[in-house]
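Residue numbers (this note's numbering): 5 to 625. For each residue, glycine too, the CB sits at the ideal point set by N, CA and C. All values derive from a computational prediction rather than experimental measurement.
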Amino acid sequence: MAAPLFACPWRFLGSYKIVLYGFFLAKAMYSRYQEESMKDTWCLHIFIICMIRLLMYQCWTSYSNMLFLTRNRLIVKKGVDFEQIDKEWDWDNFIILQAIVAGLVMYMFGSFETLPLWNKSGITAALVLHIAISEPLFYSIHKCFHGNYLFTHYHSLNHSSPVPQAYTAGHASFLEHLFLTVVIGVPIIGSFAVGGGSVSLIYGYVLVFDLLRCLGHCNVEIVPHQIFDKIPFLKYLLYTPTYHSLHFAEMDTNYCLFMPLFDALGNTLNKKSWDVHRKNSLDSGKNGRVPDFVFLAHAVDMSSAMHAPFISRSMASLPYYTRIYMLPFLPISFVIMLVMWAKSKTFLHSCYTLKDRLHQTWAVPRYGFQYFLPFATDGINKCIEEAILRANRMGVQVISLAALNKNEALNGGGTLFVDKHPNLKVRVVHGNTLTAAVILKEIPENVSEVFLSGATSKLGRAIAIYLCRKRVRVLMLTLSTERFRNIQKEAPADCQKYLVQVTKYQAAQTCKTWIVGKWITPREQNYAPSGTHFHQFVVPPILQFRRDCTYGDLAAMRLPEDVQGLGSCEYTMERGVVHACHAGGVVHSLEGWKHHEVGAIDVDRIDIVWEAAMKHGLKPV
């Protein structure tokens, strides 16, 4: 049972707590349109302040997760995992609490209508009260919360986040939020008491307070050490992200709110604070740890492009689907797409650690439809080539190409780059061998006949040859007799009869196992008999049109349980699940194989790669 005042009173509302914000807007609108006055203008101001605060914390968290900008400035060099994201889901409870308290105060004692826009004496009073009361008050309360009982039952929640971020500032118990409300309220109420109240005081103090809290929790060192070299006493007036991170690392030190002066006076100042800060500041210009493995991804469309940790880590921690509330941002996504297309430079998307190896996902600034524009081919290949050469210079061991980045018509499944640069040390991998293995292992052993579309593609060819060796009859949909014959000749002589060319979907009207490698319309799906299961390796996935049939997901594998720092879902995949081509690159890296995996799939290696994946703890979905 939780301690008293641990949980917020509105916890039972869950995600519906958003109505608490809407109440203030609704009250202001009712006053304006029903009572034809703005006597409740304070409701509107509180709503606006809440929205600005939410936006500020979101922007700081987004910046912290922009690894392509911050990777060399990170203090705690770990990824934010799903567990931390879930724990901090209700990080904004303190904003709701302070809005309710502010609303009650304004309802009982005053209105924004009588306040001046600016009052210099009030700003001065607030600053004095903050230094004289809020700072030492927070310091004393914070230190008390590190006592055995209060820490165990309340404050340990805040310290359970291994990677500080702006959201972590709000990850605390309700009792702590109450004390924080007092701390932030003293300078505002005190300024009003001496006649210095103003609209700018309320907005300014609250937002600067949040700005400094976000600064301390952001996990990115952005304060240059040179400023403290030139103005030594300033380091006692303003803390840094490094200073605050040491409180999480060594909890009996650095208790201050924003001013290390009070830690110095209370003899709780961590002696390493300035040295560690200087080191982090100097290291910001150096490259960090080189990844062992890189997965070169790409966006599918403008909507899915917003499914990234630096846009919204909460949204990215769930499988992608089209969210209605994100549709207004599509024009912005479109403009960014044009900018990225012009810039043509890959960027670091996310990272995680597996088997003590650093795995990163880089993203090519290209969207799905662009891969099918004839005039864009050279530009896309150039961008992919530059990413491979960059990985080669850095010392990356394996780089794996996602879906369209290894398109056969685009670059021959990566063959173009390997042939052009024969001395590459980085291994280029398309991962299709494991993709083929995943699809093949999904097919029941008692199946005697399958229908295969996309039959002459890399995957289609490998699947067809593998199945015919197992004495499974394969109906290969293709109009090219020459390509069919070439594939048939690759099969053992006594198995070639199991490969059958068909040119129409009607030929599969009695086959209940379809392997789809080419996008098919609902009309074409109608040719499948009732009870058919659609296996697929086509991007994007086919529409699940038939209710009397079942549909498999894109080939994927679940990463081992010891993966660390993984906090985003890969497109529509569940948490901890990645596309099979991604997993294929992971296995290639873990095994330390020295060959490139490009071009045609080596059918003889399908079982080898599958067994290696099982050995390293990857699991089929």
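Tell me which residue opens and which closes the beta strand (DSSP E) that T365 is part of.
Residues 361-368.
Distance, Cα to Cα, E595 vs W614?
Taking the Cα positions, E595 is about 12 angstroms away from W614.
Suppose contacts are defined by Cβ-Cβ distances below 8 angstroms. Is A406 in contact with H592 by that definition?
One thing to note: A406 has its Cβ no nearer than 8 angstroms to the Cβ of H592.
Whole-number beta carbon distance between G416 and G603, since they are thought to touch under 8 angstroms
Indeed, because the Cβ distance is near 6 angstroms, the residues count as touching under 8 angstroms.
So what does DSSP say about R527, is it helix, strand or coil?
R527 falls in the helix class under three-state DSSP.
Relative to the C-alpha of N385, which residue among K275, S572, L408 is closest?
Of the candidates K275, S572, L408, L408 places its Cα closest to the Cα of N385.
Does the distance from the C-beta atom of Y158 to that of A7 stay below 8 angstroms?
It is a contact, given that the beta carbons lie within the stated cut-off.
Is DSSP giving R327 helix, strand or coil here?
Assignment of R327 by DSSP, reduced to helix, strand and coil, places it in the coil class.
Report back the beta-carbon spacing between I79 and S249 to the nearest angstrom; my notes put them in contact at under 8 angstroms.
So it is a contact: roughly 5 angstroms between Cβ atoms.
Under three-state DSSP, which class holds G189?
DSSP, read as helix, strand or coil, puts G189 in helix.
Residue environment, D606, which counts as buried when at least 16 other CB atoms sit within 10 Å
Using a 10 angstroms sphere on the CB of D606, the tally of other CB atoms stays under 16, which defines it as exposed.
Using 8 angstroms as the cut-off, can you tell me whether the stretch 48-57 makes contact with the stretch 128-140, which would need three or more C-beta pairs spanning the two stretches below that distance?
Touching, no, given that fewer than three Cβ pairs across the two stretches are closer than 8 angstroms.
Would you identify the three-state DSSP class for F232, choosing helix, strand or coil?
Here F232 sits in helix by DSSP.
Provide the residue span of the beta strand (DSSP E) that contains C355, from first to last.
Here the beta strand (DSSP E) through C355 covers 351-358.
Beta strand (DSSP E) segment containing H583, residue limits:
Run containing H583: 581-583, per the beta strand (DSSP E) assignment.
Name the residue from L241, V167, G521 whose alpha carbon lies nearest to the alpha carbon of A440.
When L241, V167, G521 are compared, the shortest CA-CA separation from A440 is found for G521.
Rounded distance between the beta-carbons of V368 and C387, thought under 8 angstroms
Contact annotation, C387 with V368: C-beta distance approximately 5 angstroms; criterion of less than 8 angstroms satisfied.
Y325 versus M306 - alpha carbon distance:
For Y325 and M306, the distance between alpha carbons rounds to 12 angstroms.
Sub-8 angstroms separation of T514 and P544 beta-carbons:
It is not a contact, given that the beta carbons lie outside the stated cut-off.
Hey, quick one: how far does the alpha helix (DSSP H) through H620 stretch, first residue to last?
Premise fails: H620 is in no alpha helix (DSSP H) and is neither H nor E.
Check whether the stretch 418-438 touches the stretch 473-493, taking contact to mean three or more Cβ pairs, one atom from each stretch, closer than 8 angstroms.
The answer is no - the stretch 473-493 does not touch the stretch 418-438, with fewer than three Cβ pairs under 8 angstroms.
Proximal residues to A1 (C-beta, below 6 angstroms), its chain only, five neighbours per side dropped:
Because the chain here runs from 5 to 625, residue 1 falls outside it and cannot be looked at.
By DSSP's criteria, M480 is part of a beta bridge. Which residues make up the other side?
DSSP output for M480 lists L456, Q505 as bridge partner(s).
Hey, out of K82, Y502, V84, G464, whose CA is closest to V476's CA?
Of the candidates K82, Y502, V84, G464, the residue whose Cα lies closest to the Cα of V476 is Y502.
Taking the continuous alpha helix (DSSP H) assigned at S160, which residues delimit it?
160-163 is the span of the alpha helix (DSSP H), which, as asked, contains S160.
Give the straight-line distance between the Cα atoms of Q62 and S316, rounded to the nearest whole angstrom.
Going by the C-alpha atoms only, they are around 8 angstroms apart.
Cα-Cα, which of F541, W597, L563, A268 is closest to V432?
The shortest Cα separation from V432 among F541, W597, L563, A268 belongs to W597.
Kindly indicate the opening and closing residues of the beta strand (DSSP E) around A560.
In the DSSP annotation of this structure, the continuous segment of the beta strand (DSSP E) that includes A560 starts and ends at 560-562.
May I ask you to list the residues that DSSP assigns as paired with W518?
Checking the DSSP bridge columns, you'll see W518 partnered with F455, F538.
Within the continuous alpha helix (DSSP H) that includes A440, where are the two ends?
Residues 436-446.
Is the stretch 324-338 touching the stretch 346-353, taking contact as three or more C-beta pairs under 8 angstroms?
The stretch 324-338 is not in contact with the stretch 346-353.
S404 in three-state terms, based on DSSP
Three-state result, S404: strand.
Round the Cβ separation of L456 and L481 to the nearest angstrom and send it over; I've been treating them as touching at under 8 angstroms.
Contact between L456 and L481 is confirmed by a C-beta separation of about 6 angstroms, below the 8 angstroms threshold.
So, at 7 angstroms on beta carbons, what are the nonlocal neighbours of G556 in its own chain, with the 5 sequence-adjacent residues on each side left out?
Contacts found: E446, H537, F538, H539, Q540.
Quick test of your reading: L119 and G189, contact by CB under 8 angstroms. State the CB separation rounded to the nearest angstrom.
Incorrect: roughly 16 angstroms between the Cβ atoms, too far for contact.
Since Y575 and S308 should fall inside the 8 angstroms C-beta cutoff, what is the C-beta to C-beta distance between them, to a whole number of angstroms?
By a beta-carbon distance limit of 8 angstroms, Y575 contacts S308. Their separation comes to about 7 angstroms.
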